[in-house]
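Residues -20 to -1, 1 to 139 (mature numbering (1 follows the signal peptide of the UniProt record, and there is no 0)) make up the sequence shown, in order.
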Amino acid sequence: MLIIQIVCVVCFTSFTTVTSMPLRCDPLDNVSYHKQLNECIQCEKCPVGFGKITLEESDIVVDPPYGSSSCIQCRPCKPGYYSDVHAYKCKLCTNCIELNKSERISCTSKEDTVCGELQFNAKKDTPRSTENNTRIHNTLKTNTENRHPTWSRPQRKES
């Protein structure tokens, strides 16, 4: 898809139109057009902790029907995103809370969040579920005690 801005000299207005004319080397496919070779060249991936900016944010010039002679630039991953490998896009950080887990290590631009163990979510409990959980806990405790009884001699009463 190609976005073209047209200026009307007679009416002194400008408008933007979108055309579906295919580009030979579409920058959204992470390629650029090399004029001397008359072919598309694969753009380099971004380093760890970086991802490509959007086409709208870039200052590249698209030359129909060939495409752009330059690649879209990289930038550091935004907060909440990371890239742990050379790639074109940053990935969304894992949300441990949505997984009912604790967060052991926060997400950085280079590493995903590290989640801990499953957590008991008090917000989602109802009085009935809390009652059931207590009953289950007490049953398990009783069963465990019955399975591993401790024996002791009766103590004598001293007179």
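Just so you know, even glycine gets a beta-carbon here, dropped at the ideal spot from N, CA and C.
- L3 sits buried, since 16 or more C-beta atoms from the chains shown fall within 10 Å of its C-beta.
- With respect to L79, G60 sits apart: the two C-beta atoms are not nearer than 9 Å.
- When secondary structure is reduced to three states using DSSP, E78 falls in the helix class.
- Taking 8 Å as the upper bound for CB-CB distance, G31 and K69 are in contact here, some 5 Å apart.
- Annotation for I21: the continuous beta strand (DSSP E) segment containing it runs E19 to Q22.
- The beta-carbon separation of G96 and S82, rounded to 4 Å, stays under the 8 Å limit for a contact.
- Judged by DSSP in its simplified three-state form, P7 adopts helix.
- Under DSSP, E83 shares a beta bridge with C95.
- Here V41 is exposed. Its C-beta has fewer than 16 other C-beta atoms within 10 Å.
- Counting along the chain, the unbroken beta strand (DSSP E) around K32 starts and ends at F30 to K32.
- Assignment of P56 by DSSP, reduced to helix, strand and coil, places it in the strand class.
- Beta-bridge pairing by DSSP links D39 to no other residue.
- Under the three-state reduction of DSSP, C73 is assigned to coil, being neither helix nor strand.
- A distance of 9 Å or more separates the beta carbons of C54 and C20.
- Checking the DSSP bridge columns, you'll see C26 partnered with A67.
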